[in-house]
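Below: one structure, written as structure tokens.
2 protein chains.
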Amino acid sequence: MTTTAVRGTFLDFVDDPWKHVGDEAAATRFVHDGLLVVEDGIIADFGPYPEVAARRPDAAAAATVIADRLILPGFVDGHIHVPQTRILGAYGEQLLPWLQKWVFPEERKYFDPEYAIPGIERFFDNLLASGTTSCQAFTTAKRITTELVFEEAARRDMRIIAGVTAIDQHAPDWFTTTPEQFVADSRELIARYHGVGRSLYAITPRFAYGASVELLEACRLLKQEHPDMHVHTHISENPSEVRGATQLHPDCTDYLGIYEKFDLVGPRFTGGHGVWITNPEYQRLHDAGAALTFCPCSNLYLGSGLFRLGRAKDPVNGIRLTFGTDMGGGNRFSMIHVLDDAYKVGMLNNTLLDGSVDPVDQDLAESQRNKLNWARAFYSITLGGAHGLYLDDRIGNFDLGKEADFVALDWTAGPPGADWHASLLWDGTGAPDDLETVGELLFAMMAVGDERVVAETWVAGRRRYRRDGA
Amino acid sequence: MTTTAVRGTFLDFVDDPWKHVGDEAAATRFVHDGLLVVEDGIIADFGPYPEVAARRPDAAAAATVIADRLILPGFVDGHIHVPQTRILGAYGEQLLPWLQKWVFPEERKYFDPEYAIPGIERFFDNLLASGTTSCQAFTTAKRITTELVFEEAARRDMRIIAGVTAIDQHAPDWFTTTPEQFVADSRELIARYHGVGRSLYAITPRFAYGASVELLEACRLLKQEHPDMHVHTHISENPSEVRGATQLHPDCTDYLGIYEKFDLVGPRFTGGHGVWITNPEYQRLHDAGAALTFCPCSNLYLGSGLFRLGRAKDPVNGIRLTFGTDMGGGNRFSMIHVLDDAYKVGMLNNTLLDGSVDPVDQDLAESQRNKLNWARAFYSITLGGAHGLYLDDRIGNFDLGKEADFVALDWTAGPPGADWHASLLWDGTGAPDDLETVGELLFAMMAVGDERVVAETWVAGRRRYRRDGA
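Sequence order for the protein chains is H and A.
Quick note: the first sequence uses our numbering, first residue 13, plus one each step.
Quick note: the second sequence uses our numbering, first residue 13, plus one each step.
Written as structure tokens, this is what we have:
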């Protein structure tokens, strides 16, 4: 058995801060001088240093001390495209022409292991340098890419959800799969990877617009064979896409109805984006226990629209939610940058909802929920992301028995000006010992900082990235 | 006489790219192997190396070679608040409460030189590290702050437009000035700094909501005394602010009407933001030769709304335009980040304008103009910014006789992933020698990079910032 221990200042979440308006402390756990003990990648003990050290003196004596940092659970990216690593931020179309021009040609290269293997290594390097320790990922329509993604994730002991990313129409022939091939590939990969180590397979129809009825039937078949399996796809990203998809299914009243028709919507279903999801669809997502992924960098970058965060977090009829980069439709790898843009989307929504534009549209409660304070923000990319993926029994905070993924954040890092800004909030020695100041520093990191705040990233109790390269 | 010379790959603009749709080359000047000769801060010669070297063999022999970089004119920030350096990105209100909570207390510290001097030094350090060589800046309502800003800019030989930032209502007493004091302070500073070295004074009423009729009369008086002087203020940033300001002036049909009533709107007038400017106001800005500043980071960060870039760039009735950070309402110092967010605002506008949401709203021409391609983007923060400020006879490109401000950009720099992305566009030795590739790299820098792409910043022919610290 391998035992490691880390001593430092820890912050994680024990509940959803949207449930505790004005009382962030009720949703958080802050340990100014803490000790985390990890055995074979699993959190074996955690709490205030004196208490844990008394129980585990050997571990305490050998602990790695991480000073002057805030240690948080590793970040969860709910929606990312592995083979778009090199084309992130490509100019400059809305969704459908952007796919044709940039995405399909680059993704094709990942059919060849010689290109795919180093490309996938870079993908994971970039994730770790951004503090992301878990993701739900798209690959390509080919088995080989998906297989290589699982292999590389396993090599780094990272938790991943992925699957052959099925598309069989509205794309070049060389890019697509067939329903039969998809079922065969999926079955083989499920047998080899699903539930092995930290890997989970997801039934992954790329999006309804790119899926024939036969392909969606194939997804239904796989879901029947594995009722507990994740389903990962796109939904209602862009108005033209919504129109295109629903026109293919005139019997469905909306986009969600398409996935429902094929029995794909339930727990562990994630629809990426959901910018144009209607209130009736929200209600059905809620009832089904299904999730959306909010991808603000992408929604702004592709001009898709403004995700209704305050609606998604409705206290009665809210839904499960992850945040995602959607790299490369999103133009950054960093979930810190996602928080910056998520805050901006919430603030923009509020100007439309607070009644200042048109009093008729005023909805102060939804407006309040749109506002991404520090607790909501970092919850959403840690425990909230895990909850969105039905993985909150395994990752997302420092509960005993969970997998030990975490990051050490440096509030003085970032672009010019970040350090002086941080000094306004905290100018003391070491990490602050009060939650209010910690929250202000976390907010500063997302508003003024970027991935440079990630000083170290640990996966399953092992340090896998160090900003200083040591 | 001091002569310096730089050899490298140069790109600047000779016209507005919005006038040359699909033909960016017509608006740009690209010199793959160029030589720039500077005498006493002024561009004395520029062009292809062999030609210039033949004319100026001594300068050529002593030239600094900047390899593997793209050299562009220094960036122009049309709207920035010096004393908000430390509170950029502060959480989390719309405009009016945000001023009360964060801005006024921090700006007050700049009444004391002991705090102000190092703060102002940091401000300019951050500008230069971001590639910004000129700005139009707000200070505080007190003479001392404004004086110290001019002194520090002069010490660095930077072109600056600034002025006592007058507010006499809707703020704490300790924060305001009086119309009489404002006139006295302005007259003194105009005498000492206006047109001295690279400094220009601007009559700077903070915004109509914070100005009494008497204060606006004082501005009118100063403008009558100095008809060619800049006027710098805010306009139509936020719906509540628009309502607040226009309610103070029931005789005005709109926000612009307030400034017009006091004879402030004409050439060299800049209104910051203009998010909620109406079509009739656009027309009058056009007719007056007045300008707006587009501050996308701020407009998103404070949730102010989506600036109508495509309307501002109307080919017949368009207006003069600068881009600005509006730091600290904007949460970044870098104009590169401004371009990232400006692109996002344009793309969001397009979804609303391209007819995919509602065919009734379709305006494909304005939609096309909203799209910030590389040429429009970098024009807007160089020659376009200079044009917006009526400074295009002095800065903005490499024309002979202009002031020699420039930056050297490194397309491989930025967050994790930026380098591999750039390698997809250009994998050759040195800088590319075709404009199309150069444009793709510039776009990559704004979409995927950040201020880290700024390798060197030169002001008036002298290197004032080097990323590597050497």
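The C-beta atom is built at its ideal place from N, Cα and C for all residues, glycine as well.
All values reported here derive from a predicted model rather than from experimental measurement.
Contact annotation: the segment 123 to 142 of chain H touches the segment 84 to 102 of chain H, with at least three C-beta pairs closer than 8 Å. Threonine 151 of chain H counts as buried, since at least 16 other C-beta atoms from the protein chains shown sit within 10 angstroms of its C-beta. In the three-state DSSP reduction, leucine 276 of chain H falls in the coil class, being neither helix nor strand. By the Cβ criterion, the segment 312 to 321 of chain H is not in contact with the segment 60 to 67 of chain H, since fewer than three pairs of Cβ atoms, one from each stretch, lie closer than 8 Å. The beta-carbon of phenylalanine 319 of chain A is placed no less than 9 Å from the nearest beta-carbon of chain H. At least one CB of chain A lies nearer than 9 Å to the CB of glutamate 463 of chain H. Closer than 9 Å to the CB of alanine 102 of chain A there is at least one CB belonging to chain H. Interface criterion met: the Cβ of leucine 312 of chain A is under 9 Å from a Cβ in chain H.
The DSSP-derived three-state label of methionine 241 of chain H is coil.
Counting the other Cβ atoms within 10 Å of the Cβ of serine 435 of chain H gives fewer than 16, which makes it exposed. Within chain A, no residue has its beta carbon less than 7 Å from that of alanine 37 of chain H; the closest one is some 17 Å off. Aspartate 57 of chain H: member of the beta strand (DSSP E) spanning 54 to 60, first to last residue. Counting other Cβ atoms within 10 Å of its Cβ, proline 29 of chain A reaches 16 or more and is therefore classed as buried. In this structure, DSSP gives methionine 339 of chain H an extended state, which the three-state scheme calls strand. Taking asparagine 291 of chain H as the centre and dropping the five residues before and after it, the same chain places the C-beta of Arg323 closer than 8 Å to its C-beta, in chain order. Burial state of valine 26 of chain H is exposed, judged by a 10 Å Cβ sphere holding fewer than 16 other Cβ atoms. A Cβ-Cβ distance of about 20 Å is found for the pair serine 198 of chain A and arginine 171 of chain A, leaving them out of contact under the 8 Å criterion.
Contiguous alpha helix (DSSP H) elements confined to the segment 444 to 468 of chain H occur at 447 to 459, taking only those with 4 or more residues. In this structure the segment 170 to 184 of chain A does not lie against the segment 64 to 79 of chain A, because fewer than three pairs of beta carbons, one per stretch, are closer than 8 Å.
Taking all protein chains in view, the Cβ of tryptophan 186 of chain H is surrounded by fewer than 16 other Cβ atoms within 10 Å, so the residue is classified as exposed. Note on the segment 303 to 385 of chain A: whole beta strand (DSSP E) runs with a minimum of 3 residues are 303 to 306 and 332 to 335, in chain order.
Contact note: asparagine 329 of chain H does not reach chain A at a C-beta cutoff of 8 Å; the least C-beta distance is about 24 Å. The residue among A:Arg155, A:Thr188 and A:Tyr391 with its C-alpha nearest the C-alpha of alanine 174 of chain A is A:Arg155. Taking alanine 149 of chain H as reference, the option from H:Ile83, H:Val161, H:Tyr103 and H:Ile407 with the minimal CA-CA separation is H:Val161. If you look at valine 50 of chain A, you'll find it in the beta strand (DSSP E) that goes 40 to 51. Residues of chain A with a Cβ closer than 8 Å to the Cβ of tryptophan 432 of chain H are, in chain order, Thr97, Arg98 and Arg134. From the listed residues A:Arg479, A:Asp411, A:Leu228 and A:Ala459, the smallest Cα separation to leucine 23 of chain A is found for A:Asp411. Interface criterion met: the Cβ of lysine 356 of chain H is under 9 Å from a Cβ in chain A. In terms of Cβ geometry, methionine 359 of chain A and leucine 100 of chain A do not form a close pair [threshold 9 Å]. The count of Cβ pairs closer than 8 Å, one atom from the segment 407 to 421 of chain A and one from the segment 354 to 372 of chain A, stays below three, leaving the stretches out of contact. At a cut-off of 9 Å, the C-beta of valine 369 of chain A has a neighbouring C-beta in chain H. Assignment of tryptophan 438 of chain A by DSSP, reduced to helix, strand and coil, places it in the coil class.
Identification of residues in the segment 441 to 473 of chain H having a C-beta nearer than 7 Å to some C-beta of chain A yields Phe455, Ala456, Ala459, Val460, Asp462 and Glu463, given in sequence order. The three-state secondary structure of leucine 228 of chain A, taken from DSSP, is helix. For serine 142 of chain A, the neighbours in chain H by C-beta distance under 7 Å run, in chain order, Pro428. Methionine 13 of chain A counts as exposed, since fewer than 16 other beta carbons sit within 10 angstroms of its beta carbon.
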